[in-house]
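A.B. asks: First to last, the sequence lines map onto chains A and B.
Letter 104 of the first sequence, counting from 1, is numbered 104 in full-length UniProt numbering, and no numbers are missing.
Letter 100 of the second sequence, counting from 1, is numbered 100 in full-length UniProt numbering, and no numbers are missing.
All C-beta atoms in this analysis are idealised placements derived from N, C-alpha and C, irrespective of residue type, glycine included.
Following this message is one structure expressed as structure tokens.
Number of protein chains: 2
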Amino acid sequence: MAPKFKLRYGAIKGLGEPVRFLLSYGKIEFEDERIDLQQWPSVKESMPFGQVPVLEIDGKKTWQSLAICRYLGNQIGLAGANDWEDLQIDMAVETVTDLRLKMASFAYENDPSIKEKKKAPVVNESLPFLLGRLDNLVKQNGGHLANGKLSWADLYFVALLDYLNFLTGFDLTKDYPNLSALKRTVLEIPAIKEWVTKRPKTDM
Amino acid sequence: MAPKFKLRYGAIKGLGEPVRFLLSYGKIEFEDERIDLQQWPSVKESMPFGQVPVLEIDGKKTWQSLAICRYLGNQIGLAGANDWEDLQIDMAVETVTDLRLKMASFAYENDPSIKEKKKAPVVNESLPFLLGRLDNLVKQNGGHLANGKLSWADLYFVALLDYLNFLTGFDLTKDYPNLSALKRTVLEIPAIKEWVTKRPKTDM
């Protein structure tokens with residue numbers, strides 16, 4: 001019997017969406033539990049490290065989105081062909097994490113003037129530097145983030161984009177033709193297209 | 001011929017030390033280049049994403065410490081026996097990354113009063129929560145972070161500890177017997193002991 005999958009996350013795309021993309025790509029049925037803010041305090045305590053996403057696999061709790069995505073990538077044929085290829089995938093996804101952490105460094109600041117002060121160097125310096133190099137990486141890899149072929153890194157990045165764009169306030173890929181093309185490539189995969197059409201509509 | 005390894009990092013332990021631990025454990029000869037702050041601006045531009053550590057393997061640049069450590073873990077027999085075991089290792093190391101990011105959220109703040117304000121909730125809430133659960137994870141795993149046996153996650157954590165302790169200002173493991181025991185276990189591995197004895201002495 002196939003294992004049962006249950007994703008536990010908030011009612012947003014965020015860090016849960018890469019997991020949803022990979023499960024959808026692999027045609028793996030999953031329960032998509034969306035915990036609302038009122039429920040969260042009571043749920044938090046029962047999560048292994050007080051965080052979500054948590055993916056339950058046959059009742060066993062797994063946590064940390066990147067760890068889960070790497071595991072799923074392996075199960076659905078989107079990992080590398082060997083350790084060296086897996087390294088290239090990991091280098092790319094960790095760079096996407098750096099990008100995300102740059103956004104997070106200002107996005108959750110409540111004071112508008114402090115937020116603007118933190119946001120400016122990120123938008124003017126860090127983002128152009130990172131995005132320019134990521135765009136070049138995709139160019140070198142024939143339209144993908146690693147190994148010249150589709151991998152879970154591509155799905156991870158594109159699944160996260162709506163959330164990153166929401167935090168930043170603009171489409172990160174707009175000035176980067178290779179990143180834009182990668183986004184289109186992933187969103188045109190039939191299983192991803194189907195998921196994106198049927199998923200609940202949320203801002204971030 | 002064995003591949004040639006050259007680690008490029010700053011003159012600190014920091015995120016380079018887990019790479020040094022794993023290379024040492026695997027008895028892999030490596031050049032340990034330590035870039036000083038004066039050299040850094042001229043080196044930065046030539047790094048793939050403007051960051052170190054970078055590990056050159058036969059002249060090919062690899063980056064992102066976790067990606068590099070996972071690759072090395074695979075090469076030296078410290079990965080899991082299957083995808084599920086690798087997932088357990090990844091869940092643990094990503095949790096250590098969360099711990100590190102909590103420290104980084106205050107440690108690089110220059111203004112002492114702002115620093116204190118940021119540090120208090122981390123030290124009083126986040127650290128006890130995360131460390132308590134990590135300690136329990138090690139207890140459940142018979143003295144290791146995953147799978148009831150030594151893995152690259154254990155070396156990663158212990159290699160990073162001096163740096164994390166420096167940022168926090170106290171020994172993170174002091175109130176956590178299982179984490180303290182894990183530290184001793186790793187530091188008593190002959191190849192690690194040899195490396196720790198011969199490495200340059202630095203604060204962090």
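Considering only residues of the same chain and omitting the five flanking positions on each side of Trp-195/B, which have a CB-CB separation below 6 Å?
C.D. replies: Ser-24
A.B. asks: Gly-10/B to Glu-31/A, Cα distance in whole Å?
C.D. replies: 46 Å
A.B. asks: What span of residues does the alpha helix (DSSP H) with residue 221/B cover, start to end?
C.D. replies: The requested residue 221/B does not occur in the structure, where chain B is confined to residues 1 to 204.
A.B. asks: Taking the Cβ atom as the reference point for each residue, do Ile-35/B and Arg-8/B lie within a distance shorter than 8 Å?
C.D. replies: Cβ distance < 8 Å, so Ile-35/B and Arg-8/B count as in contact.
A.B. asks: Less than 8 Å separating the beta-carbons of Asp-90/B and Asn-74/A?
C.D. replies: no
A.B. asks: Scan the stretch 65-76 of chain B for residues whose Cβ lies nearer than 9 Å to a Cβ of chain A and list them as they occur along the chain.
C.D. replies: Ser-65, Leu-66, Ala-67, Ile-68, Arg-70, Tyr-71, Asn-74, Gln-75
A.B. asks: Find out if the Cβ-Cβ distance for the pair Leu-99/B, Leu-130/B is shorter than 8 Å.
C.D. replies: Against a cut-off of 8 Å, the Cβ pair of Leu-130/B and Leu-99/B comes out as a contact.
A.B. asks: From Thr-62/B to Asn-178/B, what distance separates their C-alpha atoms?
C.D. replies: 33 Å
A.B. asks: Would you mind working out which of Leu-72/A, Ser-65/A, Phe-166/A sits nearest Thr-202/A, comparing C-alpha positions?
C.D. replies: Phe-166/A
A.B. asks: Relative to the C-alpha of Cys-69/A, which candidate in Ile-12/A, Thr-185/A, Glu-94/A, Gly-142/A has its C-alpha closest?
C.D. replies: Glu-94/A
A.B. asks: Gln-140/B: which of Gln-88/B, Met-103/B, Phe-49/B, Leu-164/B sits nearest, CA to CA?
C.D. replies: Gln-88/B
A.B. asks: Using a C-beta to C-beta distance shorter than 7 Å, which residues of chain A count as neighbours of Trp-63/B?
C.D. replies: Met-91
A.B. asks: How far does the alpha helix (DSSP H) with residue 208/B in it extend, from its first residue to its last?
C.D. replies: Not covered by the structure: residue 208/B. The range shown for chain B is 1 to 204.
A.B. asks: So what does DSSP say about Thr-62/B, is it helix, strand or coil?
C.D. replies: strand
A.B. asks: By how many angstroms is the C-alpha of Leu-155/B removed from the C-alpha of Lys-102/B?
C.D. replies: 20 Å
A.B. asks: Residues in the same chain with beta-carbon distance under 8 Å from Lys-193/A, minus the five sequence neighbours each way, listed in chain order, please.
C.D. replies: Leu-187
A.B. asks: In its own chain, which residues sit with a C-beta less than 7 Å from the C-beta of Gly-148/A, not counting the 5 before and 5 after it?
C.D. replies: Asn-141, Gly-142
A.B. asks: What are the residues in the stretch 129-162 of chain A lying within 9 Å of chain B by C-beta distance?
C.D. replies: Under the 9 Å Cβ criterion, the stretch 129-162 of chain A contributes Phe-129, Leu-130, Arg-133, Leu-134, Leu-137.
A.B. asks: What does a CB cutoff of less than 8 Å around Asp-58/B pick up in its chain, not counting 5 residues either side in sequence?
C.D. replies: Pro-3, Lys-4
A.B. asks: Does the beta carbon of Thr-95/B come closer than 8 Å to any beta carbon on chain A?
C.D. replies: yes
A.B. asks: Cutting at 6 Å between CB atoms, please list the residues of its own chain near Val-96/A, excluding the five before and the five after it.
C.D. replies: Phe-157
A.B. asks: Does DSSP classify Leu-55/A as helix, strand or coil?
C.D. replies: Strand at Leu-55/A.
A.B. asks: Taking the straight line between their C-alpha atoms, what separation do you get for Val-43/B and Arg-199/B?
C.D. replies: 23 Å
A.B. asks: Who are the near neighbours of Ala-104/B in its chain, counting only those whose CB is closer than 8 Å to its CB and skipping five residues on each side?
C.D. replies: Leu-167
A.B. asks: What residue range does the alpha helix (DSSP H) around Tyr-25/B cover?
C.D. replies: Under the DSSP assignment, Tyr-25/B falls in the alpha helix (DSSP H) whose first and last residues are 17-25.
A.B. asks: At a Cβ threshold of 8 Å, is Asp-175/A touching chain B?
C.D. replies: no
A.B. asks: What does Gly-50/B reach in chain A if we use C-beta pairs closer than 7 Å?
C.D. replies: Phe-129
A.B. asks: Can you tell me the Cβ-Cβ gap for Val-19/B and Leu-72/B, rounded? I've got them flagged as a contact below 8 Å.
C.D. replies: 7 Å
A.B. asks: Are any of the Cβ atoms in chain B nearer than 8 Å to that of Leu-87/A?
C.D. replies: Yes, because at least one Cβ of chain B sits closer than 8 Å to the Cβ of Leu-87/A.
A.B. asks: In or out: Gly-132/A buried (at least 16 other Cβ within 10 Å) or exposed?
C.D. replies: exposed
A.B. asks: Could you give the DSSP three-state label for Leu-145/A: helix, strand or coil?
C.D. replies: coil
A.B. asks: Under three-state DSSP, which class holds Leu-37/A?
C.D. replies: coil
A.B. asks: Have a look at Thr-197/B and Ala-79/B and give me their C-alpha separation to the nearest angstrom.
C.D. replies: Between Thr-197/B and Ala-79/B, the alpha-carbon positions lie close to 26 Å from each other.
A.B. asks: Excluding the 5 residues flanking Val-52/B on each side, which residues of the same chain have their C-beta closer than 6 Å to its C-beta?
C.D. replies: Arg-8, Tyr-9
A.B. asks: For the beta strand (DSSP E) containing Lys-6/A, name the first residue and the last one.
C.D. replies: 5-10
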